[in-house]
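Using the numbering used here, read the sequence shown as starting at 604 and increasing by one per residue.
Below is one structure; the comments refer to it alone.
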Amino acid sequence: MFNNSAKYSQMIKNEALRLGFMACGISKAEFLEEEAPRLENWLNNNHHGEMSYMANHFDKRLDPRLLVDGAKSVVSLTLNYFTDEKQSDINVPKISKYAYGTDYHTVIKEKLKELLVFINDNIGEVAGRCFVDSAPVMDKVWAQKSGLGWRGKNSNLISKDAGSFFFLAELIIDLDLEYDQPFVADHCGTCTRCIDACPTDAIMAPYVVDGSKCISYLTIELKNEIPTEFKGKMENWMFGCDICQDVCPWNRFATPHTEPAFTPALELLKLNKTELIEMTDEVFNQVFKGSAVKRTKFAGLKRNIDFLKEY
Ligand code: SF4
Ligand code: SF4
C-alpha cells in the first residue's frame with residue numbers, strides 16, 4: 604500500500620510555515636529513554652526550585668503516549684520573537700524580549716489549533732492536543748529530536764540559522780508521519796560566553812542550569828521573597844532575563860519577527876523609572892494588558908522592582 608506519511612509530513616510543515624511558525628520538525632511519539640536519568644538527576648538536585656509542576660507527572664513528561672491517547676507523532680514548532688526594539692530608558696528595569704507583545708500562550712495556541720484544523724480538513728480525522736508551556740512536555744528535547752537545533756550550554760535550543768530567541772510548541776497527534784533526523788551536532792564548541800555572563804551563576808556547568816538561581820525563575824516563578832543572596836546580581840531585570848541569549852554568538856543570526864501580535868506596546872517601551880516605581884494596579888493592567896508580564900501579577904512585579912531598588 605502506498606505510504607502517505609511523507610506527503611502528510613510535508614503538508615503539515617508547509618502549513619506551519621504559512622501560519623507564521625519559523626520551523627517545524629516531527630518525531631515519533633515514544634518514551635524518552637535517554638532523557639529519563641537526566642530529568643531525574645535534575646529534579647533530585649532540586650534545580651526546579653518551587654516549580655513543583657516540573658516534578659509532577661514524571662512519567663507523562665517522558666512519554667507523550669501517556670498524555671495523548673493513541674499518540675503517534677510529536678510535531679515540534681518554533682515561533683520567532685526576536686526584536687531590535689528596546690525599552691527606551693536604559694535605567695528602567697528590564698523585561699525579557701519574549702514578553703514585549705501579546706502573551707505568547709494565546710498567540711501560539713491559536714496557531715496550533717489552526718494547524719490541527721488544517722490536518723483534519725486536508726488529511727483526515729486526527730485527534731491531538733496542542734501544547735505551549737502548559738503541560739508536561741519536554742519541548743527542547745522534542746525539538747532537538749525533530750532536527751530543529753541543539754541544546755546550548757545555557758540549555759536553550761539553538762538553531763544555526765536563527766539563534767535562540769524563539770518559542771517552542773508542540774502538537775501531539777494520533778497520526779503516523781515521516782520523522783526527521785535528530786540534531787546531533789553541538790555547535791557550542793569551546794565557547795563559554797553564556798556561563799561567564801550569567802550574573803547569578805545559574806549555569807552551574809555546561810548544559811546544567813540550576814533553575815532555582817535563574818533570574819527568570821526569581822522574577823516570575825518564585826512566589827516568596829527573592830533571597831538576599833541575589834542582591835546586586837539581578838542586573839536590573841524585573842521580568843525574565845535575556846543575558847545568556849544576548850551574549851550567544853549564534854544570536855547574530857536572529858532576525859526580527861514578523862508576528863504583529865508580538866509588536867511591543869509603546870507604553871511599555873517608553874515607561875520611565877518614576878512611572879514604574881509609582882505604578883498603580885490600574886496602570887499595570889493598562890500597560891501590560893494581554894502581556895505575559897501579567898503572570899507575575901501587580902504584586903509580583905512590585906516585589907521585583909522593590910528588590911532592584913533596594914540593592
Ligand atoms: S536567563 Fe539570565 S539568570 Fe538565567 S541562566 Fe541565563 S543569564 Fe543566567
Ligand atoms: S553562548 Fe556559547 S556556549 Fe553558550 S549557548 Fe551560545 S554558543 Fe553555546
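The C-beta atom is built at its ideal place from N, Cα and C for all residues, glycine as well.
Treat the numbers as computed from the prediction; the structure is a model and nothing was measured.
How would you write the range of the alpha helix (DSSP H) that T681 sits in, first residue to last?
In the DSSP annotation of this structure, T681 is not part of any alpha helix (DSSP H); the continuous beta strand (DSSP E) holding it starts and ends at 676–683.
For A864, the nearest candidate out of H651, Y707, N694 (CA to CA)
Each of H651, Y707, N694 was checked against the Cα of A864, and the nearest Cα belongs to Y707.
Could you tell me if the beta carbon of C791 falls within a distance shorter than 6 Å of some heavy atom in ligand 2?
Yes; taking the cut-off as 6 Å, the Cβ of C791 has a heavy atom of ligand 2 nearer than that.
Excluding five sequence neighbours on each side, which residues of the same chain lie with their C-beta closer than 8 Å to the C-beta of M604?
In this prediction, M604 has a pLDDT of 43, which is less than 50 and means its spatial position is unreliable; nothing more can be read from the coordinates.
Ranges of the alpha helix (DSSP H) found wholly within the segment 738–767, counting only runs of at least 4:
Fully enclosed alpha helix (DSSP H) runs of 4 or longer: 742–748.
To the nearest angstrom, how far is the alpha carbon of T681 from that of I761?
Their Cα atoms are separated by approximately 11 Å.
Compute every distance between the C-beta of S819 and the non-hydrogen atoms of ligand 1, then say whether any falls below 6 Å.
S819 has its Cβ nearer than 6 Å to a heavy atom of ligand 1.
Using the C-alpha atoms, what's the distance from F856 back to M614?
The C-alpha of M614 lies about 27 Å from the C-alpha of F856.
Measure the C-alpha to C-alpha separation of E838 and L872 and round it to an integer number of angstroms.
Those two C-alpha atoms are separated by around 18 Å.
Would you kindly check if the distance between the Cβ of A658 and the Cβ of A632 is under 7 Å?
Against a cut-off of 7 Å, the Cβ pair of A658 and A632 comes out as no contact.
Do P830 and F685 come within 7 Å of each other at the CB atom, strictly closer than that value?
The answer is no: Cβ separation not under 7 Å.
With hydrogens ignored, establish whether the beta-carbon of C794 is closer than 6 Å to any heavy atom of ligand 2.
Checking the Cβ of C794 against ligand 2 gives yes.
Closer than 8 Å is the cut-off here; do at least three beta carbon pairs connect the segment 737–747 with the segment 634–643?
Contact between the segment 737–747 and the segment 634–643 is present, because at least three Cβ pairs lie under 8 Å.
Limits of the alpha helix (DSSP H) - the one that E643 falls within
Note, E643: alpha helix (DSSP H), 638–647.
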